[in-house]
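Working notes, beginning with the structure itself.
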DNA sequence: CTGTTAGCGCATTCAT
DNA sequence: ATGAATGCGCTAACAG
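Chains as they are written, first to last, in the numbering used here: chain P, 142 to 468; chain L, 142 to 468.
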């Protein structure tokens, strides 16, 4: 009817009726039904964001980034939280497909191809963040986590450490493997034997792994941890066992929280441009939604940052140590 | 058609056809269009969550809580972030109304009644969290922040402090006023003059306020801060000015992050059961959505927790001080 | 047990 | 410049 025109193409309607319509709209507090519009236009102006974990500050910033970028383009975002369960991930993606979202941004649990395939099979554009998806032809926005891990390990090597262990997350998760491999790269380059333990991306996982490392007859003097939770567990455990960080044990990590949120940033480690990842991903997605781009999957690799704080120190010989910290 | 029945009321259709239908569904990868269902049923199975700030860990946990509780009941959640702008808040609520969400949970910017009125005027049930809304007849889930603030201030008084200042947030925000009043209550009870500065709920706000407090000829020995951001700014500024926390200056606060996310929880203060607030709010909302309750607004006040960490110490006399910390 | 009719709210198309 | 017809995908109600 004329109402629709008055609201969507005001020029095509006479000023007089337009005024009358707008007055009535105001009077009746009429709000156009976007569901109806969606049905008619076959687009919902909604994008879905599937993320495994929001308890991690990492996930939070992604939410902010996607949310901001999407809103700027007039899109609404619905979030689906998978709690790290791949079945739930697929279920959530089905649900989004049912809602006929115009596109999906996925931070996958594992790098299995099913979720992406499903979405693409439904004709819904999808962009993956954080992980490479070798089995899918899909847009990916991520950092080179393996290279970052190598850099991180080299930093410890340069400090003189030789007993460096790696405590990573669940071996099924790509990130855990990538970071372990970057560490292994650096170790082998330095002519040393990698020493990797896969566990769990959690405080408990970090605590458990660290305990067995420190109980060895020759414990490591430095640990590369797979993420901030593991680092936290490691630091707690070290303290509990009377091992001082950083003087007795250096710890480096990934995915630190924003440093402006803590009084004393403690962990030295790699920081990812989380917000930017989310924004770039949203842009790539909108390219496809709006038909500005069609073609094979694009990959965008963003730079990480290396932040030095207080969880690392030079490796001291026993002699140096006894001099500096007399009993 | 029969497809609909096969999927929604499988009993009412013969096993044979049902099998055929399900086979076809599988074959064609058919996913029912929830948008169409929404139009037909006049319900979308979506609830909106309007929150002002997600950079605060506080907001994050609320997201988790709402998300979990809603999902458990089969509802999807769309998040709307207002960045603390009341105009944006109203705009987002209009947008949610346009999407015909079945209900709204609102963590308001100010306690102006417009947003709630609008939502209720549209026939959309709404529940407010965190703040009292004296001008609206609406369900509210919150803590007694004024009482908590009183308790917090008493703690400082019991430590022997007499020069206690309060650094709160934007005076337009209810929380800022409530917390200031709780502080003032405790001070007056103890026969002292309240000393409140309203500023901004941010690190910068805390820094600025603390600087002018500490530059006084008789600076306070303790500060009650309006939230964790202000506390952070206060601690940074104190350190910059060579004032040691907690020995020279005690700081207490509200809305700390989960203590399992930091290595050394530093600030003594009030912790709200954020997740629980979100869950209770979702329950109240579903009561109304599902018609299980209609009537005047209900209020649920949840208990806060008081956590003691390392940002406070007893007030020492100058003599005591010189004894303990010889120059 | 299955098919038909009709309408949820909207906007494109065509007719006036 | 406005109105009428039509269909987006779905299901309640009614026929068969």
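Built from N, CA and C at the ideal position, the CB exists for glycine as well.
6 Å CB neighbourhood of residue 291 of chain L in its chain, flanking five on each side removed: 323, 326, 327
Which chain L residues sit within Cβ distance under 7 Å of residue 268 of chain P? By Cβ distance, chain L contributes nothing, its closest Cβ being about 19 Å from residue 268 of chain P, past 7 Å.
Return the CA-CA distance between residue 365 of chain P and residue 359 of chain L, expressed in angstroms with no decimal places. 48 Å
Between the Cα of residue 440 of chain P and those of P:425, P:299, P:447, P:189, spot the shortest distance and give me the residue it belongs to. The shortest Cα separation from residue 440 of chain P among P:425, P:299, P:447, P:189 belongs to P:425.
For residue 357 of chain P, does the count of other Cβ atoms within 10 angstroms reach 16, so buried, or fall short, so exposed? exposed
Consult DSSP for residue 247 of chain L and reduce its assignment to one of helix, strand or coil. strand
Quick check: what's the CA-CA separation for residue 384 of chain P versus residue 401 of chain L? 20 Å
So, helix, strand or coil for residue 407 of chain P, using DSSP? coil
Run through DSSP, which three-state label would residue 394 of chain P get? strand
Suppose only complete runs of 3+ residues qualify. What are the beta strand (DSSP E) ranges in the stretch 246-288 of chain P, listed by chain order? 267-270, 280-284
Compare the Cα-Cα distances from residue 315 of chain L to each of L:215, L:287, L:243, L:282 and report the closest residue. L:287
Closest Cα partner of residue 427 of chain L within the set L:199, L:206, L:197, L:211: L:211
Does the Cβ of residue 313 of chain L have 16 or more other Cβ atoms within 10 Å, making it buried, or fewer, making it exposed? By the C-beta density criterion, residue 313 of chain L is exposed, having fewer than 16 other C-beta atoms within 10 angstroms.
Return no unless some Cβ of chain L is closer than 8 Å to the Cβ of residue 404 of chain P. Taking 8 Å as the threshold, the shortest C-beta distance from residue 404 of chain P to chain L falls below it.
Residues in its own chain within less than 7 Å of residue 410 of chain P by CB, not counting five upstream and five downstream? 293, 393, 394, 395, 397, 448
List the residues of chain L whose Cβ lies closer than 7 Å to the Cβ of residue 149 of chain P, in chain order. The premise fails here: residue 149 of chain P is roughly 13 Å from chain L at the closest Cβ pair, so nothing lies under 7 Å.
Where residue 168 of chain P falls, given that 16 or more other Cβ within 10 Å makes a residue buried: exposed
Whole angstroms is fine: what's the gap from residue 283 of chain P's alpha carbon to residue 188 of chain P's? Using only the alpha carbons, I get a separation of about 19 Å.
8 Å contact criterion, which residue 308 of chain P and residue 332 of chain P should meet: CB distance rounded: With a Cβ gap of about 22 Å, residue 308 of chain P and residue 332 of chain P do not count as contacting.
Can you have a look at residue 467 of chain L and say buried or exposed, based on whether 16 or more other CB atoms are within 10 angstroms of its CB? The predicted position of residue 467 of chain L is uncertain, since its pLDDT is 49 and thus under 50; a value taken from the coordinates is nonetheless stated next. The residue is exposed, with fewer than 16 neighbouring Cβ atoms inside 10 Å.
Identify the contact partners of residue 174 of chain L in chain P, using a Cβ-Cβ distance below 9 Å as the criterion. 180, 239, 240, 241
Taking 8 Å as the cut-off, does the stretch 411-424 of chain L touch the stretch 205-220 of chain L (at least 3 CB pairs, one atom from each stretch)? yes
Identify whether residue 183 of chain L lies in helix, strand or coil by the three-state DSSP scheme. coil
If we define contact as Cβ-Cβ less than 8 Å, is residue 204 of chain L a contact residue for chain P? yes
How about residue 469 of chain P: is its C-beta nearer than 8 Å to some C-beta of chain L? Beyond the ends of chain P as shown, which are 142 and 468, falls residue 469 of chain P; an answer cannot be given.
Through-space distance from residue 198 of chain L to residue 399 of chain L, alpha-carbon basis: 8 Å
Would residue 225 of chain P pass as an interface residue toward chain L - the criterion being a Cβ-Cβ separation below 8 Å? no
What is the DSSP secondary structure of residue 333 of chain P, counted as helix, strand or coil? coil
Please determine, among P:215, P:256, P:372, P:343, the residue with the shortest C-alpha to C-alpha distance to residue 191 of chain P. When each option's Cα is compared against that of residue 191 of chain P, the closest is P:256.
Close-in-space but distant-in-sequence residues of the same chain around residue 390 of chain L (CB under 6 Å, 5 per side omitted): 379, 384
For residue 297 of chain L, count neighbouring Cβ atoms within 10 angstroms of its own Cβ and tell me buried if that reaches 16, exposed if not. buried
Quick check on residue 200 of chain P: does DSSP put it in helix, strand or coil? helix
Where does residue 309 of chain L fall in DSSP's three states? strand
Does residue 396 of chain L come within less than 8 Å of chain P when only Cβ atoms are used? no
In this structure, does DSSP put residue 468 of chain P in helix, strand or coil? For residue 468 of chain P, the predicted model reports a pLDDT of 46, less than 50, meaning its position is unreliable; a value from the coordinates is still stated below. Of the three classes helix, strand and coil, the one that applies to residue 468 of chain P here is coil, per DSSP.
Round the Cβ separation of residue 408 of chain L and residue 372 of chain L to the nearest angstrom and send it over; I've been treating them as touching at under 8 Å. That pair is a contact at about 5 Å.
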